[in-house]
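Structure, as C-alpha cells:
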Amino acid sequence: MSMLLTFLQNAIGQGISILFGASGEILTEKSGNLNLGIPGIMYMGGIAGLMAAFFYEKVSGNPNAFVGLVISLLASLLVSAFGGLIYSVLTISLRANQNVVGLALTTFGVGFGNFFGGSISKLAGGVGQISVKTTASAYRAVLPGLSNIPVVGKLLFSYGFLTYLSIVTAIFLTYFLKHTRKGLNLRSIGEDPSTADAAGIHVSRYKYIATISGAAIAGLGGLYFVMEYLGGTWTNNGFGDRGWLAIALVILALWKPVNAIWGSFLFGGLYILYIYMPGLNRATQELCKMLPYVVTIIVLIFTSKRNKHENQPPASLGQAYFREER
Amino acid sequence: GCGSSNKGGNADNTPAAPSGTETDSEAIPEGSAADIKVGIIYIGDENEGYTAAHMEGIKVMATSLGLSSDQVIEKTHIGEDESAYDAIVDLAEQGCNIVFANSFGHEDYMIQAAQEFTDVQFAHATGFQAASSGLPNMHNYFTAVYESRYVSGVVAGLKLNDMITKGEITAEEAKMGYVGAYPYAEVVSGFTAFYLGAKSVCPSVTMEVQYTNSWADMTAENEVAKQLIANGAKLISQHADTTGAPTAAEDAKVPVVGYNVDMTLVAPNTALTSATINWGPYYTYAVKSVIDGTAIAADWSKGYVDGAVAISPINESVAAEGTADKVAEVEAALKAGTLKVFDTSTFTVNGSTLEELIASNADYEKYSANVSDGYFHESEVISSPAFGIIIDGITEK
Amino acid sequence: MEQANAIELKNVTKRFGEVIANDNINLSVRKGEILSILGENGSGKTTLMNMLSGIYFPEQGQIFINGKEVTIRSPKDSFALGIGMIHQHFKLINILTAAENIILGLPGKERLKMDQIMKDINELIHTYGFDLNPSQKIYDMSVSQKQTVEIIKVLYRGADILILDEPTAVLTPQETKKLFDVLRNMRKAGKSIIIITHKLHEVLELSDRVTVLRKGKYIGTVNTAKATAESLTEMMVGEKVTLDIDRSEPVKPEKRIEMRGITCKTKEGIKILNQTSFTANSGEILGVAGIAGSGQKELLEAIAGLVQIDSGEILYFAPDGSTEKISDMKPAQIRDLKICLSFVPEDRLGMGLVGSMDLADNMMLRSYREGRKFFLNRKKPKDLAADIVNQLDVKTPGVHTPVRRLSGGNVQKVLVGREIAASPTVLMVAYPVRGLDINSSYTIYNLLNQQKEKGVAVICVGEDLDVLIDLCDRILVLNSGKVSGIVDARKTTKEELGLLMTAERKGGHASEQRRSK
Amino acid sequence: MSKDAVNKELFVRVSKRDSISQKKAWGIRFAGIALSLIVCALVIVAIVNENPIRVYMGIINGAIGAKRRFWVTIREALTLLIIAVGLTPAFKMKFWNIGAEGQILMGGTVTAAMMIYFGDVMPNWLLLIVIFIASSLAGLLWGLLPAVFKAYYNTNETLFTLMLNYVAMQIVTFCIVFWENPTGSNTVGIINGATAKGWFSKIFGLQYGLNIIVVLAVTLIVFLYMKHSKQGYEIAVVGESQNTARYAGINVKKVIIRTMMISGAVCGLAGSIIVSGASHTISTSTAGGRGFTAIIVAWMSKFNPLAMIGVSLFLVFMQQGSIQIASQYGLNTNASDIITGILIFFLIGSEFFISYKLDFRKKSKEVK
Ligand SMILES: Nc1ncnc2c1ncn2[C@@H]1O[C@H](COP(=O)(O)OP(=O)(O)OP(=O)(O)O)[C@@H](O)[C@H]1O
Ligand SMILES: Nc1ncnc2c1ncn2[C@@H]1O[C@H](COP(=O)(O)OP(=O)(O)OP(=O)(O)O)[C@@H](O)[C@H]1O
Ligand SMILES: [Mg+2]
Ligand SMILES: [Mg+2]
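Chains as they are written, first to last, in our numbering: chain A, 3 to 328; chain B, 561 to 957; chain C, 27 to 543; chain D, 19 to 386.
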C-alpha cells in the first residue's frame, strides 16, 4: 500500500514538468507555431530560477523564502519568455523555418542551462554545492493540515504550489481556448492565419503573445524540476528528455490541455515503473524503460484511427504567414 | 626498458621535454617542471562529482609541482568513443608529456594512442588493461576508496545504533538502502565495504541495493532512493554521481551517506558524511615521475596511508554522539594496517566463508589470487576493484 | 453640396515583384449604388479590392472613404471604415461553427456567450431571409452555405460598403437570384456595393455602373443601362470579339463510356451516386447539370478511378471495338490499359496541378511514368508547356514559374491545355470556366468543341445552364445522385432543366451538406 | 518620446523582393555570418574577457589547426552530411521524420553486432558489405514502421518517429548488457581492436577515405534520385498534395512507405559509418544528437545537397572550434552549444532579407 502510494505520488511528481511543457506548447501550437525549442526553453526556465534564487540567497545574508520564491519565479518566467521571444522574432517577423529555429533553440537552451549551471556551481564552490534551500523550501511548502491526512493527504496534498499551478494552468488554458473571444481568435490563427487576418485579428501580435506566454509556461516546468523536485540544485542534463516528452504529450492530448493532465501522470508513472516492478533484471529493466514510448505509440495508433476534424493539429501549424503571399 | 628512441612522428612539436622514461632521467636537469605539459580528458565537467574530484586532484598536483595554467590542458565532456581517441591524440600532438583519462570507456582509445605515441605517458583511471597490454607507457590508477567507504559505513552504523537506542527503530528494522550505478565490481566492492563498516558497529544491519544503470542520472537516483525508503530503508547511501539520492533522503528525513562530495548543503538535516577520493596524490606522483624521469607503476591504488581517500567532514548535528572518536580510531587502524576491510572472518557468502567457497566452488576460483592471510586483497593485483561478490546481509534488487 | 462618394481611389498602384497588378487606378463608388468591376483574369480586380480590405497596401495613390483620405493598413482599419469584403476564396475556418466564424475578431465581452450571439445571428438570418444553421460546422457545409456565412459575417459587422469578389462563381442560378435579392435590399438601405463577376448577364441585371480594368489599368466606367454584353467585352478585351459558341453536329457518335447502376457512398454512408446509369458517346459533348453537390464531381471521379465504387460497373468501349471494365480500377491501372481518359477536376490547385511546381513539371504530372527509364525526361514537358503558353495565351513570366503564382484563369488554361494535349478519347471537365473571364471562357468552349470534332467523348459538368444549352449535345441532369433525365440540349429549356434539377428533392439536402469544399 | 516623434513614427512595410542577384544574396548571407560572429564574439568576450580576434584564431586552430583536427572536422561533417541527405526525401514528402537518431542507432547497433559476431568468419571486404547492407536494413525497418502507420492510418509521424528514438536507445542499452566488457561496466569498448575486422580500411592512404567515398556517393545518388528520377518526382507531388498524387495515378501509400524506407536506410547506413568508420564501438550516444542537427542542415540548405556540404562543414567547423576555445580558456564546453545556437539564429534570420525587402515610410495619416 505504502509502496503504491509512493509510486503514485512520484508518478505525479514526474509528470508535472511535462504537463507545464505540454500546456505551454499547446498554447504555442494553437497560434500555428510548432516550437521545437521547448526542451531548450525548459532548461532556460530552470536555470534562470535557480540562478536568481542563488544570487539572492548569496547577496542577502538572511534570505526570506517568499522573496526568493518571487524573484526566482520572475526570473524563470522572464528568461523562458526571452527564449520564446527569440523564436517569435525569427519565425514570425523574419519568417524563418520553424523547425530549424526550434531545434537550434533547443541546442541553445540546453547549452545555456548547462553553461550557467556549471558557472554557478563554480561560484558555489564545486559540484553539489549549489543549494537554495530557503527558496526551495517555499516551493516545497505543503499545506500543513491537509497533507497530514492519511493516504488522501499524501496523494493529493503533499505537493508544492507549482504542482497545483500546473493543473490550474491546464484547466484555465482549456477554458481560455474554448470559451473566450481571444481563445477563439487564437484558434482561428492556428487554423488559417489569412482568414483570421481578414477578420481583423492582429495575427502577429497574437502569435507573439501566445508563443511567448507558452514559452513562459513551459519554462515553469524547468523551474518545477529544479526547485520542487530536486529541492534547489542542478546537474547537467539532469532534466533529460522531458521537453521532448512534453511535445509528444501535446499530440497525445489532441491539443487539449485538460487531456494533458492525465497524460502527464501516465507518462510520469511509466517513466519510473521499472523501479517499482519486481522481478526485473538489468536487461529486462531496460526493456521496461521502453514502456512510456511504446505505450505512446500504441495510443497514437489507436487515436489516429478515429480521424475527427476536431482532433487534428492546427491546420497552419509549422507555416510562416505573410499577408501578401499567395 | 622503454622505447624512448622510438619517437612518434608527431611529437616533433614537443618542447625539449623529458619523455618520461627511466633511461632519460639522468639526462634531465632539475627544474624541468617548467617544460612539462600535462593533458587530461574528462568524461564530464565540474558539475558532476566524479569529474570534479579529478579536477580538484589536478589542481592539487599543479600547485604542489608549481605548474602554470598553460602547462595543463583539460578537455571536458569527452565521450567514450572515437572522440576520446581524437582528444588524447590531440593532447599528445600538442606536446603533452603525460595524458590522463578519467572514465572507464576511455581505456581502449588510450591504449590505441599509447601504441602510436610511445614517448608520451598515458594513465587511465578505473581501467584494468595497462599491465596486460604490455605497453610500458600505459598505466592504470585507482584508489582504495573501499577504505573510506568502510569508514563512512561505520558512521552509518553508529547512526543506526543511535536510532535503535532512541527507540526510533528496532534492531531488526536496521536496514540500509544503497543506490548503485551498475552491478559492477567497482560498485559491489564499494557497497560491500560500506556494509561491512556499518556491520562492524551494528551487527543486525542489513542492506538492499538497487541500481540505476547509469553513472549519473539525478532523477533515477532520486527515484530509486525514494523506492528504497518506501521499502523500509532507514538510511541511504550511494555509488552514483549526483545529489539525487541525498535530495530524496532529505525529503523523507532519512539519514544519508554520500559519495564524492560533501552533501550537507543539499541535505543539511540528514547528510552524515560522504566517502571521497583525493586524486591529488596520484596525479602528483605520476607527473612528478615524468619530471624526474622515473617509472610510473602500471597499477596504482592507494588509500588512507597516502591520503588518497577520506571522508568529508562529519555533520555533527546529524551523526551519533562519539562518531568522530570512533572514526579516528578506525582510520588509524586502517593506516596501521591492523584493520583489513575485507577481513574474510567478518562476512559469509551463502553461509560459507570465502575461503571455503574458493576451495569448493569453481565460480569463485578466480578470487584465489586475491585471498590470503585472512583477507581479500582488493586493488592489489590490479588497481581497479575486483571484489564482485554479494555477501550475506546484502540483497540486490 | 454634392454628396461625397463612398469610395474614391486615386492613382493607386500595386506591384508584386515584377508584376504590376494595378497601375494608376482611379475608381469611385457612390453611396447607395452597386458597382460592377469587370476585367479579364489577372487584370487586377482582386488586388484592387484587397487594398480596400487592408490585405494589401498600395505602393502609390490615395484612398478616400466618404470624402476623407485614409490609410488602410490592416483589415481592422478597413472594418473600422465600414468596409466588408467577401473574398474570392472563402475566408472561413473549417473546424469552427458558422457563428464562431461570424464573430471572429470582433470586440466584445471576453467570455463568449454563445446563446446571445446565436440569437443575434438568427435575427439577422431572419431579416434577410437566409437559410442557415449557425451552430453547423463549416466543414459540414455546402459551398452556398459557406457563401451565406460570409455574407452574414459582413452584415453582422454592420458594414456600409460591401465588396463581393466573384460571389456567384460557385452558386446555382437559384442561389444567385437569392443573393441578388439580398444585395438589392441592401442597396435600398443605402449601402454601397462593389461586385466582381465574370458573368455579363449578372452585371447587366444587377449593377448601376460598371468599371472595367484591363491588364492592371483602368479603362473606364459606364452606366449599366447604356451597356451591352458586346460593348463591355470590347472594353475588357480591347477589341471586338464574338460571343457565339459554334456548335457542330455530332460526327458518327459511338458508345465510349457506359455507366451501369453505379452507387457510391461517402464515409458517413450517404449515397452520393445512386444507381446512376448513362452512356457517353464519341464526337459529342454530354453536359452534366444539377444543383451543387448532387454527385457531379463523383460522377467524373468514379470514371477516373478516384472514388470507391460500391456497386455497378463502368465500361469503356475502345475505338478499335474492344471493351474494358474500368470500374474498380485505379487511375494508373486504367492508363496501363492505354485508355486515355483526360480529366480536368474542379479543384485545380488541390488536385489537378501542383502549385509549387513550375509549368513544365506540371505538364508531366499524368505522363511522367511513360517509358521504362528510371529517370525523368524533362525536355518533352518543357516543350509542351511552351506550346500551351503560346497557343492558349497563358499570362506567365515563363515556363519555370510556379503555377501557384498564376491567376485563376491562367491556371485553368494550363490544366485544360495539358489534358487536351494527351490526345484523349474521353475528356471530362468539371466547371471548366469557373472564375474565368469571358474571353478565356470562350477559348475553353472552343477547345471543347474542337475536341468533340476530333471524335473525343466530352463530358462537361457545368453550372451555367445557358452555356450548357448552347454548348452541349445532350444534358444529363443529376438530382441527389440519381439521373433525373437526359435531354437533348438543342430542344430543352432552362426551365425544364431547372425542374429536373430540383424535382422531389428528397435527401438532396443531406448530400449537399456533406460536400466539403 | 516627444509628441513630434510620435507623429513621424516610422512605418515599415515588408514586401517580397522581385528577384535578387546571386551576388547580393550571398552578400546578405555573409553579412549574416559576420553579424553572428560579432555577436558570438561579444558573448565570448563577456564570458572570458579575451581579445575576440584571438578567440577566433582559436576557433580556426581548433577546427583545422592540425592535420588530425582537420580530419576530425571532415569526418564529422561527412557524418552530418549523410544524415541530412538521408532526411531529405522524407522531408521533401512533408513526412516529419525526426527519428533519424533512432535510425542511426539501429544501424549502428546492427553494425556492432555484425562486427562482434562475424568478425572472425569472413574477410573484411565482405564483412563491410554485409555491414552496409545490414545497417541499411535496420534503419529501413526503423523508417518503415512509422511509414506504414502513416500510410494506412494517417498516424502522426512526428511523434511516432520521436518515440522510436527512445525505443532504439533502450534497445542499444539492452544490447550493451550482453556485449559489455567487462560485465557490469556498461561499455562495449573498441570492437575487434586487435583485428580491426569490420573497420573501414584505409583508402589512398587516407584513414577516412572510405567515409568520403561512401558519403559523397550517397549524396550524389540521392541528389540525382530526388531531382531527376520518376520516384523523386512522385515524392515531390505527394509532399505537395496527396489528392493531386492520387489524381496523377500515384500510389500514395506505396510512395510514403518506399520513401521512408530509403530515408531510414540512408540514416541506418550513417550509423555504420559512425560505428565502422569512426568509433568502433556502440553506446547510447552513438547518434549524439546528430539526427536533430541534420534536420537543421537539411532545412537550412533548402534540401540542396550541395548547400548541405557547405552548411554541415560550417556547423562542424564552428563546433570543433568552440570545443577548442572552451578547453583553451577553461570555458565550460556547453558554451559551444550556445555559440552554435546563435550562429544558426543569425544565418536563418538573414534569409529573410534575401526574400523580402523593407520599405520605411512615414506614417502620413491616421485612420479615424
Ligand atoms: N493569446 C493571447 N493571450 C493573452 N493575451 C492576449 C492574447 N491575444 C491578445 N492578447 C492581449 O489582449 C489585448 C487585446 O487584443 P486584441 O487583439 O483584441 O487587440 P485590440 O485591443 O482589440 O486591438 P487594437 O489595440 O489593435 O485596437 C492585447 O493587449 C493583447 O496583448
Ligand atoms: N500575392 C500575389 N503575389 C504575386 N502576384 C500576385 C499576387 N496577387 C496577385 N498577383 C498577380 O497580380 C495580377 C492581378 O491579380 P488579381 O488576382 O488581382 O487578378 P483578378 O483580376 O482578380 O483575376 P481573376 O479574375 O482571375 O480573379 C496577376 O498577374 C497575378 O498573378
Ligand atoms: Mg480575382
Ligand atoms: Mg480568380
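Glycine included, each C-beta is placed from N, C-alpha and C at the ideal position. Keep in mind that this is a model prediction, so the values were computed, not measured.
Hey, would you say residue i sits closer than 8 Å to residue j, going by beta carbons?
i                    : j                    : result
glycine 70(A)        : threonine 137(A)     : yes
leucine 21(A)        : serine 196(A)        : no
proline 743(B)       : glutamate 956(B)     : yes
threonine 427(C)     : leucine 375(C)       : no
tyrosine 278(A)      : glutamine 787(B)     : yes
phenylalanine 751(B) : glycine 737(B)       : no
alanine 790(B)       : alanine 809(B)       : no
asparagine 97(D)     : phenylalanine 335(D) : Looking at the sequence itself, residue 97(D) is threonine, so the reference to asparagine does not match. Contact: no.
phenylalanine 117(A) : isoleucine 356(D)    : yes
leucine 402(C)       : serine 247(D)        : yes
From residue i to residue j, what does the alpha carbon distance come to, in whole angstroms?
i                   : j                    : result
alanine 54(A)       : alanine 83(A)        : 15 Å
serine 693(B)       : glycine 348(D)       : 33 Å
asparagine 67(D)    : glycine 233(A)       : 33 Å
tyrosine 194(A)     : tyrosine 323(A)      : The displayed chain sequence assigns aspartate, not tyrosine, to residue 194(A). Aspartate 194(A) and tyrosine 323(A): Cα-Cα distance of roughly 9 Å.
glutamate 136(C)    : glutamate 126(C)     : 14 Å
leucine 123(D)      : leucine 163(D)       : 15 Å
methionine 723(B)   : serine 764(B)        : 13 Å
tryptophan 775(B)   : asparagine 204(D)    : 9 Å
glutamate 590(B)    : alanine 857(B)       : Interpretation of glutamate 590(B) is limited by its pLDDT of 44, a score under 50 that renders its predicted location unreliable; no figure is taken from the coordinates.
threonine 254(C)    : glycine 65(C)        : 15 Å
isoleucine 46(C)    : histidine 224(C)     : 21 Å
aspartate 584(B)    : serine 861(B)        : For aspartate 584(B), the predicted structure reports a pLDDT of 40, less than 50, and the residue's modelled location is therefore unreliable. The matter cannot be settled from this model.
alanine 959(B)      : asparagine 657(B)    : Nothing can be reported for residue 959(B), as the shown portion of chain B is limited to 561 through 957.
phenylalanine 88(D) : alanine 652(B)       : 16 Å
serine 340(D)       : valine 293(D)        : 25 Å
glycine 533(C)      : leucine 418(C)       : Its pLDDT being 41, under 50, glycine 533(C) is placed unreliably in this model, and the coordinates cannot settle the point.
lysine 926(B)       : phenylalanine 907(B) : 19 Å
Could you round the C-beta distance between residue i and residue j to whole angstroms and report it? I think they count as a contact, below 8 Å.
i                    : j                 : result
lysine 635(B)        : serine 303(D)     : At roughly 16 Å, the Cβ-Cβ gap does not stay under 8 Å, so lysine 635(B) and serine 303(D) are not in contact.
glutamine 11(A)      : glycine 270(A)    : Glutamine 11(A) to glycine 270(A), Cβ: 10 Å. No contact.
phenylalanine 660(B) : isoleucine 600(B) : 4 Å
serine 330(A)        : glycine 223(A)    : Outside the displayed range of chain A (3 to 328) lies residue 330(A), so it cannot be described from this structure.
Could you check where the beta strand (DSSP E) with residue i kicks off and where it finishes?
i                : result
aspartate 49(C)  : 45-55
asparagine 37(C) : 33-42
valine 493(C)    : Here valine 493(C) belongs to no beta strand (DSSP E); instead the alpha helix (DSSP H) covers 491-497.
Terminal residues of the continuous alpha helix (DSSP H) containing residue i?
i               : result
valine 307(C)   : Note that residue 307(C) is asparagine in the sequence shown, not valine. Run containing asparagine 307(C): none in the alpha helix (DSSP H); it sits in the beta strand (DSSP E), 297-307.
arginine 500(C) : Looking at the DSSP string, arginine 500(C) is not in any alpha helix (DSSP H); the run it does join, the beta strand (DSSP E), is 500-505.
lysine 163(C)   : Lysine 163(C) -> no alpha helix (DSSP H), and no H or E assigned at all.
**Request:** Answer yes if the region 326-340 of chain C comes into contact with the region 348-357 of chain C, meaning at least three C-beta pairs across the two stretches below 8 Å, and no otherwise.
**Result:** yes
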